[in-house]
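Colleague: Got a structure for you, questions after.
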Amino acid sequence: MLRRKRSVSFGGFGWVEKSTVSTLRSRKHDLLNLPNVPVDRPPSPPRTAPPTMKSAHFFDMMEKMEQVPEAAEMKTVPQRQKDDYIPYPKIDEVLERGPPYPQVILPQFGGYWIEDPEAPPTSKVSNSEEKEGGETPPGDCGYQLEAINEAARAYRKHFLGREHLNFFCSAGSLGNLLLSVRHEEENDQEYLHVVVRCQMKSVYDRLPLVELTDIPSVPELAKLLCDEPASLRFTPVLYPKASQLILNYDEHELNNTFKFGVVYQRLGQVSEEQLFSNNEETPAFTEFLQLLGDTVDLKDFKGFRGGLDVCHGQTGAQSIYTVHRGQEVMFHVSTKLPFTEGDTQQLQRKRHIGNDIVTVVFQEQATPFVPDMIASNFLHAFVLVQVEEPCSDHTCYKVSVTAREDVPPFGPPLPNPAVFQKGPDFRDFLLTKLINAELASYKSERFARLEVNAPAGGDTHRNQAQLFCSLDPFQERTRAALLDGLLDELQRRSQSMLGLSSESNERAERLHGNNVTGRGRTAHQSEWGRSGTPERRD
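Residue 439 in the UniProt record's numbering is what sits at position 439 of the sequence shown, and the numbering runs on without skipping anything.
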């Protein structure tokens with residue numbers, strides 16, 4: 001299981017109990033009496049040290065807290081301010097101590113977590129869906145990409161090419177609805193695979209039928225997954241090529257392309273300006289870039305360009321590109337992006353790397369990296385790679401991972417120790433880690449584009465969690481327009497299959513009414529009725 005350590009604040013975690021103060025006093029005394037350490041500058045903590053080891057000033061604060069009235073202890077802080085935090089050591093303080101240096105340290109006021117490499121050794125398989133058939137594709141060392149939008153992938157995985165039914169309805173409280181259902185038997189158990197699509201979200205679930213006497217009606221399934229009224233009337237899709245149209249809609253929002261930054265950090269570089277000023281690619285850095293992917297000429301490049309100019313050379317002549325598990329990856333390598341003389345900020349480089357979500361920081365020699373060293377609203381995760389014995393038969397890489405505090409943990413987990421030999425296994429781990437980092441970052445507060453919610457109540461009968469895809473207003477309008485267009489096409493094609501003329505279509509629509517109060521049945525309506533049970537036909 002992945003573990004991480006966060007920055008800590010009183011505002012976020014409450015006051016420390018009085019019973020712990022005596023222990024803290026003792027620990028303070030031990031710290032202040034370490035040999036060869038000046039009292040005015042006690043040792044800084046390790047990179048993921050608990051807050052109780054941060055500084056002697058911390059213990060002074062703990063002593064003062066003994067005098068705080070209990071009523072004050074119970075108060076909550078409505079907003080976290082910088083004054084609430086126990087500062088982490090500054091990078092200058094860490095450098096003054098001398099080597100060995102950690103790969104990464106937390107910003108002074110937190111806001112990031114560092115993946116714990118001391119967690120118990122775990123399997124290569126991360127928290128993702130199992131591969132079908134249990135087979136490992138060629139070149140795959142066992143690390144898995146984590147699924148973030150199962151609903152969009154469910155139709156291809158569970159429905160396409162298998163017997164199933166599709167239904168649509170245009171009178172739901174969520175607007176147009178499109179529902180797909182498939183029956184499955186596995187290990188003497190019966191299940192229903194169900195996907196419900198509406199203007200705001202898609203929902204997928206695998207429902208066990210062990211406690212049901214009969215298969216639920218389509219309106220009941222819609223109510224179960226989307227809280228829609230069970231009185232809706234659904235129309236079956238009767239177009240033979242409907243599956244491809246539905247598949248195209250489901251997968252329109254899937255992202256199969258990724259762009260990542262690559263920054264070279266030299267010994268002693270501790271600022272954004274220093275990082276972006278590097279132009280030389282050392283043999284060790286070149287060796288690492290060759291492991292990431294292929295060097296491609298950007299001129300007339302036909303693959304995923306990741307925002308780089310492939311016509312006029314305004315973003316450099318070459319870049320690093322690869323395909324991993326069917327995902328196209330373009331790297332924004334700082335040393336390959338244009339360098340502008342006299343521009344201390346190197347905006348041409350920051351324009352691309354600062355707009356990436358995940359960045360690799362390559363360290364040829366040990367110098368701590370601080371996650372907020374590069375100012376950006378988009379950068380959410382960093383993978384630190386430090387080379388050992390470069391350009392030799394024993395080249396290996398030490399890896400650390402840090403991300404913003406609202407980014408959930410992502411796999412594959414760091415092994416113990418987090419050191420990899422150069423080779424296909426490390427490449428597979430690194431690329432998988434980068435892709436999973438971006439997928440996890442979408443769940444952060446800033447992006448909040450995709451959310452995964454487990455069903456309420458902890459229903460043990462459901463072994464497949466419901467997954468929702470929530471969208472911002474622009475995406476919602478786009479999704480609604482695409483869904484409306486799809487349903488119009490499916491309705492037109494279905495009526496055409498029944499031989500209904502346009503006049504018949506209009507008459508059927510009038511009879512259909514609002515799909516709730518109308519009692520008439522048209523020729524193209526389903527046998528799935530308002531009562532929730534199929535009608536008998538003698």
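Backbone N, C-alpha and C define an ideal beta-carbon position, used for all residues, glycine too.
Since we're looking at a predicted model, the values are computed, not measured.
On the premise that Phe304 lies in contact with Val262, defined as a C-beta separation below 8 Å, what is that separation, rounded to the nearest angstrom?
Modeller: If you number the sequence shown from 1, residue 262 lands on position 262. If you number the sequence shown from 1, residue 304 lands on position 304. The pair is not a contact, with the Cβ atoms about 16 Å apart (cut-off 8 Å).
Colleague: Looking only at its own chain, which residues have a Cβ that is under 6 Å from the Cβ of Pro138, when we skip the five neighbours before and after it?
Modeller: Here residue 138 corresponds to residue number 138 of the sequence shown, with the count starting at 1. Caution applies to Pro138, whose pLDDT of 46 falls short of 50 and renders its modelled position unreliable; the value that the coordinates give is listed next. Nothing listed; no residue qualifies.
Colleague: Tell me, which residues are paired with Thr335 by DSSP?
Modeller: Mapped onto the sequence shown, residue 335 falls at position 335. DSSP lists no partner for Thr335.
Colleague: Taking the Cβ atom as the reference point for each residue, do Tyr321 and Val329 lie within a distance shorter than 9 Å?
Modeller: By one-based count along the sequence shown, residue 321 stands at place 321. By one-based count along the sequence shown, residue 329 stands at place 329. Contact flag set, yes.
Colleague: For Ser243, report the span of its alpha helix (DSSP H) as first-last.
Modeller: On the sequence shown, residue 243 is found 243 positions in, with the first residue counted as 1. Unbroken alpha helix (DSSP H) run through Ser243: 242-250.
Colleague: Under 8 Å: do the segment 245-265 and the segment 209-228 share three or more Cβ pairs, one atom per stretch?
Modeller: no
Colleague: Ignore the nearest five residues each way along the sequence and tell me which others in Asp297's own chain have a CB closer than 8 Å to its CB.
Modeller: Here residue 297 is taken as the residue at index 297 of the sequence shown, counted from 1. So the qualifying residues of the chain are Ala317, Gln318.
Colleague: Taking the Cβ atom as the reference point for each residue, do His252 and Leu482 lie within a distance shorter than 9 Å?
Modeller: Within the sequence shown, the letter at position 252 stands for residue 252. Within the sequence shown, the letter at position 482 stands for residue 482. Yes, the Cβ-Cβ distance between His252 and Leu482 is below 9 Å.
Colleague: Looking only at its own chain, which residues have a Cβ that is under 7 Å from the Cβ of Phe339, when we skip the five neighbours before and after it?
Modeller: Residue mapping note: residue 339 aligns to position 339 of the sequence shown, counting from 1. For Phe339, where only same-chain residues beyond five positions count, the Cβ hits under 7 Å are Asn279, Gln346.
Colleague: Between the Cα of Tyr101 and the Cα atoms of Gln386, Thr213, Pro390, Arg206, which residue gives the shortest distance?
Modeller: Residue numbering aside, residue 101 sits at position 101 when the sequence shown is read from its first letter. For the residues Gln386, Thr213, Pro390, Arg206, the minimum Cα distance to Tyr101 belongs to Gln386.
Colleague: What does DSSP give as the partner residues of Pro208 in its beta bridges?
Modeller: Counting from 1 along the sequence shown, the entry for residue 208 is found at position 208. Tyr191, per the DSSP bridge assignment.
Colleague: Count the other C-beta atoms from every protein chain shown that fall within 10 angstroms of the C-beta of Met497, then say buried if there are 16 or more, exposed otherwise.
Modeller: Sequence index remark: in the sequence shown, residue 497 carries index 497 (1-based). Exposed, since its Cβ has fewer than 16 Cβ neighbours within 10 Å.
Colleague: Nearest-angstrom Cα distance between Pro415 and Glu184?
Modeller: Residue 415 sits at position 415 when you count from the first residue of the sequence shown. Residue 184 sits at position 184 when you count from the first residue of the sequence shown. In a straight line, the C-alpha of Pro415 is about 38 Å away from that of Glu184.
Colleague: With a Cβ-Cβ cutoff of 9 Å, do Val383 and Val270 count as a contact?
Modeller: Within the sequence shown, residue 383 is the residue found at index 383, counting from 1. Within the sequence shown, residue 270 is the residue found at index 270, counting from 1. Cβ distance not < 9 Å, so Val383 and Val270 don't count as in contact.
Colleague: Rounded to the nearest angstrom, what separates Val401 and Glu115 at their Cα positions?
Modeller: Indexing the sequence shown from 1 puts residue 401 at position 401. Indexing the sequence shown from 1 puts residue 115 at position 115. Their Cα atoms are separated by approximately 6 Å.
Colleague: Rounded to the nearest angstrom, how far is the Cβ of Val358 from that of Phe260, given a contact under 8 Å?
Modeller: Working through the sequence shown from its first residue, we reach residue 358 at position 358. Working through the sequence shown from its first residue, we reach residue 260 at position 260. About 5 Å; that satisfies the 8 Å criterion.
Colleague: For the alpha helix (DSSP H) that residue 540 lies in, which residues bound it at each end?
Modeller: Any property of residue 540 remains undetermined from this structure, which presents the chain solely from 1 to 538.
Colleague: Where do the N-terminal and C-terminal ends of the alpha helix (DSSP H) with Phe276 fall, by residue?
Modeller: Indexing the sequence shown from 1 puts residue 276 at position 276. Here the alpha helix (DSSP H) through Phe276 covers 272-276.
Colleague: Let's see if you can read the secondary structure: which residues bound the alpha helix (DSSP H) around Arg404?
Modeller: Translated into positions along the sequence shown, residue 404 becomes position 404. Arg404 -> not in any alpha helix (DSSP H); beta strand (DSSP E) instead, spanning 396-404.
Colleague: With DSSP collapsed to three states, give me the class of residue 539.
Modeller: Since the first residue shown for the chain is 1 and the last is 538, residue 539 is missing from the structure and cannot be characterised.
Colleague: Tyr191 and Pro208 look like a contact to me (Cβ under 8 Å); what is the Cβ gap, rounded to whole Å?
Modeller: In the sequence shown, the residue the question calls residue 191 occupies position 191. In the sequence shown, the residue the question calls residue 208 occupies position 208. About 6 Å separates the two Cβ atoms, so the contact holds.
Colleague: If I measure Cβ to Cβ from Leu337 and keep anything under 7 Å in the same chain, skipping five residues before and after, which residues do I get?
Modeller: Indexing the sequence shown from 1 puts residue 337 at position 337. The answer, listed in chain order, is Thr315, Gly316, Gln348, Arg349, His352.
Colleague: Leu291 and Arg492: beta carbons closer than 9 Å?
Modeller: To locate residue 291, count along the sequence shown from 1; it is residue 291. To locate residue 492, count along the sequence shown from 1; it is residue 492. Taking 9 Å as the Cβ cut-off, Leu291 and Arg492 do not qualify as a contacting pair.
Colleague: What's the gap between the Cα of Tyr155 and the Cα of Phe168?
Modeller: Here the question's residue 155 lines up with position 155 in the sequence shown. Here the question's residue 168 lines up with position 168 in the sequence shown. Each residue's Cα considered, the two are about 15 Å apart.
Colleague: To which residues of the same chain is Val419 closer than 8 Å at the C-beta, ignoring the five residues directly before and after it?
Modeller: By one-based count along the sequence shown, residue 419 stands at place 419. Cβ within range, chain order: Glu388, Cys396, Tyr397, Lys398, Val399.
Colleague: So Leu238 and Ser494 are supposed to be a Cβ contact under 8 Å. How far apart are they, rounded?
Modeller: The sequence position of residue 238 within the sequence shown is 238, counting from 1. The sequence position of residue 494 within the sequence shown is 494, counting from 1. 4 Å between Cβ atoms; contact.
Colleague: Ile105 and Pro368 - do their beta-carbons sit closer together than 9 Å?
Modeller: In the sequence shown, residue 368 corresponds to position 368, counting from 1. In the sequence shown, residue 105 corresponds to position 105, counting from 1. Using a Cβ distance threshold of 9 Å, Pro368 and Ile105 count as a contacting pair.
Colleague: Taking C-alpha atoms, which residue in Pro412, Gly485, Thr335, Glu186 lies nearest to Val210?
Modeller: Within the sequence shown, numbered from 1, the residue matching residue 210 stands at position 210. Per the Cα distances, Glu186.
Colleague: Grab the span of the beta strand (DSSP E) containing Ala154 for me, first residue to last.
Modeller: The sequence position of residue 154 within the sequence shown is 154, counting from 1. Run containing Ala154: none in the beta strand (DSSP E); it sits in the alpha helix (DSSP H), 150-154.
Colleague: What does the alpha-carbon distance come out to for the pair Leu289 and Asp425?
Modeller: One-based indexing of the sequence shown puts residue 289 at position 289. One-based indexing of the sequence shown puts residue 425 at position 425. Their Cα atoms are separated by approximately 16 Å.
Colleague: By DSSP's criteria, Lys259 is part of a beta bridge. Which residues make up the other side?
Modeller: Residue 259 sits at position 259 when you count from the first residue of the sequence shown. Lys259 is bridged to Met330.
Colleague: As a quick exercise: from Tyr143, Leu145, Val196, pick the residue whose alpha carbon is nearest that of Ala152.
Modeller: The residue you call residue 152 lines up with position 152 of the sequence shown. Ala152 has its Cα closest to that of Val196, out of Tyr143, Leu145, Val196.
Colleague: Please classify Glu391 as buried or exposed, where buried requires at least 16 neighbouring CB atoms within 10 angstroms.
Modeller: Within the sequence shown, numbered from 1, the residue matching residue 391 stands at position 391. One point to set straight first is that residue 391 is Cys, not Glu, in the sequence displayed. Classification of Cys391: exposed, given that the 10 Å Cβ count is below 16.
Colleague: Assuming Ser444 contacts His380 under a Cβ cut-off of 8 Å, what Cβ separation, rounded to an integer in Å, is found between them?
Modeller: Position 444 of the sequence shown, counted from the start, is the residue given in the question as residue 444. Position 380 of the sequence shown, counted from the start, is the residue given in the question as residue 380. Their Cβ separation, rounded to whole angstroms, is 6 Å, which keeps Ser444 and His380 in contact under 8 Å.
Colleague: Under the assumption that Phe378 contacts Gly354 (Cβ atoms under 8 Å), give the Cβ distance between them as a whole number of angstroms.
Modeller: Position 378 of the sequence shown, counted from the start, is the residue given in the question as residue 378. Position 354 of the sequence shown, counted from the start, is the residue given in the question as residue 354. About 7 Å; that satisfies the 8 Å criterion.
Colleague: Determine which residues share a DSSP beta bridge with Ile320 and list them.
Modeller: Along the sequence shown, one-based indexing puts residue 320 at 320. Answer is Thr295, Phe331.
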